[in-house]
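For the sequence shown, the residue numbers in the working numbering are 23 to 297.
A quick write-up on the structure given underneath.
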Amino acid sequence: MSKKKKIKVIISDLDGTLLNSDHTISAYTKSVFQELHRQDYLIIVATGRHHMDAMAIISSLELPIYLVTSNGARIHSPQKELLYAFNLEADAVKSMLSLDIDPEITTVIFKENVWQTSKTNKKLNAFQKDLAYPPEVVDFAELDDYSAIKIFFTHDDHQKLVELKNRILENNSDVFHHAFSLPICLEFMDKSVDKSVAIAKILEKEGYSFAEAISFGDGFNDEKMLDAAGIGLIMGNAPENLKNKLPHLEVISNNVEDGVAKYLSTHILNSKVKC
């Protein structure tokens, strides 16, 4: 049996993958995923976004989906029930934020019901079309509660983020897991947190294996889930460094061209859904 005929599970990242340039799901992508649901494929969306933000986006698909958010720190069932949660240690967060961080870098903390930021960032806010989950601007030096799901930093200069990453990991490599979801976004989670780990929990619960899954992604936070899947596919718009790191994986068209939906329609649904 070919790998494609073994596929029973569809796994996709959101930004730069399932979402178009407007950070929304196109009508064509919706129709493809609804057909996948009708044919009993298990669907998992795995994203670095906060669960409140991601739920608002995937609700437009109008079908039951397992949701992995904050790069694996949260898992929600298709009924929106919280199945798994893992937070960063507050002392570790406080230690990270006590570093002398360039004020040009936007710092963000994900909490359960709010995201706190060092300043308003219009480019970051643009990722939420309706801003249903707005930020709270705070002074991190004056916080009373440093508990967090995830921390991330964003800046247009990738090298500045690389330098910050090295400084943070110098004394905390055994505490934090990090990833660049985009070249302009550096994210830190607990060492045990990764999309692939969370997805494995869902697959075990549903009686499937990674060998029966096809996955799509465009960022370094997708690397392990792409490599673990029976079929891992890299978006054409992904960074060249990711493509070079996973040279054995196929590169497909980009998110602006509905690359995920077109691949699924052609290779999994055998062109049953038309653009």
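We put the beta carbon where it would ideally sit given N, CA and C, even for glycine.
So residue i is in the beta strand (DSSP E); what residue range does that whole segment cover?
i	result
T128	T128 to F132
S34	V31 to S34
G239	A235 to G239
V67	L64 to A68
G254	I253 to I256
A107	L104 to A107
E158	P157 to V159
I173	K172 to T176
Leaving out five residues before and five after residue i in sequence, what residues of the same chain have Cβ atoms less than 6 Å from its Cβ?
i	result
E272	L255
I173	I131 and F210
Which residue from the options puts its Cα closest to that of residue i?
i	options	result
K30	S48, L64 and S43	L64
N277	M247, F238, Y106 and H289	F238
A114	I131, A107, P100 and P125	I131
L191	D212, D178 and L204	D212
S92	K102, E234, L85 and N109	N109
S203	F232, N263 and N194	N263
P261	L225, P205 and G229	P205
D161	P125, S195, L183 and I171	P125
R189	K27, L248, L121 and K26	L121
F198	V184, H73 and S214	S214
W137	K25, A251, S231 and H73	H73
D178	L208, L89 and P157	L208
M247	K27, I32, F55 and T139	I32
V219	D167, N193 and A250	A250
L6	T176, E185 and S140	For the chain, the structure presents residues 23 to 297; residue 6 sits outside this window and is missing.
K116	T176, A163, R71 and K52	A163
K284	N193, K25 and L40	L40
N193	M118, N42, S99 and E279	M118
L225	N42, I123, S24 and S99	S99
E185	N135, I123 and I236	I123
If you measure between the beta carbons of residue i and residue j, is that distance less than 8 Å?
i	j	result
A78	T69	no
Y106	K223	yes
F85	H45	What sits at residue 85 in the sequence shown is Leu, not Phe. No, the pair does not count as a contact, with Cβ atoms beyond the cut-off.
A95	K133	no
I127	K187	no
I87	I80	yes
A201	F175	no
L83	K52	yes
H270	K26	no
G38	D240	yes
Grab me the residues of residue i's own chain with a C-beta within less than 7 Å of its C-beta, minus the 5 sequence neighbours each way, in chain order.
i	result
G258	V273, I274, S275, N276 and G281
V228	According to the sequence provided, residue 228 is Glu. The question's Val does not apply to it. Closer than 7 Å at Cβ, skipping near neighbours: L64.
H180	P205 and I206
Compute the beta-carbon to beta-carbon distance between residue i and residue j, rounded to the nearest angstrom, for a pair I have assumed lies under 8 Å.
i	j	result
D5	D35	Because residue 5 is not part of the residues shown, which for the chain are 23 to 297, the question remains open.
I221	I66	6 Å
V54	S287	5 Å
Which residue comes first and which comes last in the alpha helix (DSSP H) that contains residue i?
i	result
H73	H73 to I80
K116	A112 to L119
K213	Counting along the chain, K213 falls outside any alpha helix (DSSP H), and DSSP gives it neither H nor E.
I97	Here I97 belongs to no alpha helix (DSSP H); instead the beta strand (DSSP E) covers R96 to H98.
L264	E262 to K267
Leaving aside the five residues before and after residue i along the sequence, list all residues of the same chain whose C-beta is less than 8 Å from its C-beta, in chain order.
i	result
Q61	L291
K28	A233, E234 and G252
T142	P157 and V159
D196	K213
A112	D167, Y168, S169 and A170
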